[in-house]
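Scroll down for the structure; my scribbles are underneath it.
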Amino acid sequence: MLPIITSLAQTLAVNGLGLLAGAVQAKGKEFIESKIGVRIPDNPSHEDLIKLKQLEIEQEQLLLQYTLKQKELEIEESKLLAEMHRASQDNATNRWQSDMGSDSKLSKNIRPGTLVYILTAYLLFALLSAMGIDINEAYVKLLGEWGQLVMLAYFGGRSVEKIFEMRMHGSNKKEDQ
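In the numbering used here, the protein residues as written are 18 to 194.
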């Protein structure tokens, strides 16, 4: 049976049915016939080859449409993720501006106070460790992760905002020219 499939695959490939020939060779004639719903003769006539070519073209169109739809969905997902990130950044900026505009000393100083506290605690852990007092590694690791988070939010967040503002103002200046 293998020589028949090879012969059929060669016949299909020679007559411009490369996609179908590859599928027949990879999956087998019966499998392909069950999927496309058409019987593939062992020795196809010219009319059979034309019908098979039309089926192959239709299948290629379906594959292209599927690929196009998938790419469109990926682009839409990227746009949604970018919008969510921008909204998140805007919300953080608005919260920080609201805190700074508040009359409450606590709301103005909570972020810098947290930063100072975590850095002081980390320094204390380092000093205790230098004096030979063993501190549970889990606490040091947790405090280090909190420190990274607070430092990034406190210093990095504002830097990112400034970069975006400069880019936006730069692009607005280019549009004005």
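Where is the CB? At the ideal position from N, CA and C, for every residue including glycine.
Please report how far the alpha carbon of residue i lies from the alpha carbon of residue j, in whole angstroms.
i, j, result
"residue 67", "residue 51", "19 Å"
"residue 146", "residue 183", "44 Å"
"residue 138", "residue 144", "10 Å"
"residue 180", "residue 96", "20 Å"
"residue 117", "residue 170", "16 Å"
"residue 154", "residue 92", "44 Å"
"residue 152", "residue 129", "26 Å"
"residue 75", "residue 104", "43 Å"
"residue 119", "residue 149", "45 Å"
"residue 40", "residue 47", "11 Å"
"residue 101", "residue 89", "18 Å"
"residue 86", "residue 78", "12 Å"
"residue 112", "residue 84", "42 Å"
Throw me the rounded Cβ distance for the residue i and residue j pair, which I believe falls under 8 Å.
i, j, result
"residue 157", "residue 142", "6 Å"
Between residue i and residue j, is the Cβ-Cβ spacing less than 8 Å?
i, j, result
"residue 127", "residue 160", "no"
"residue 167", "residue 131", "yes"
"residue 72", "residue 61", "no"
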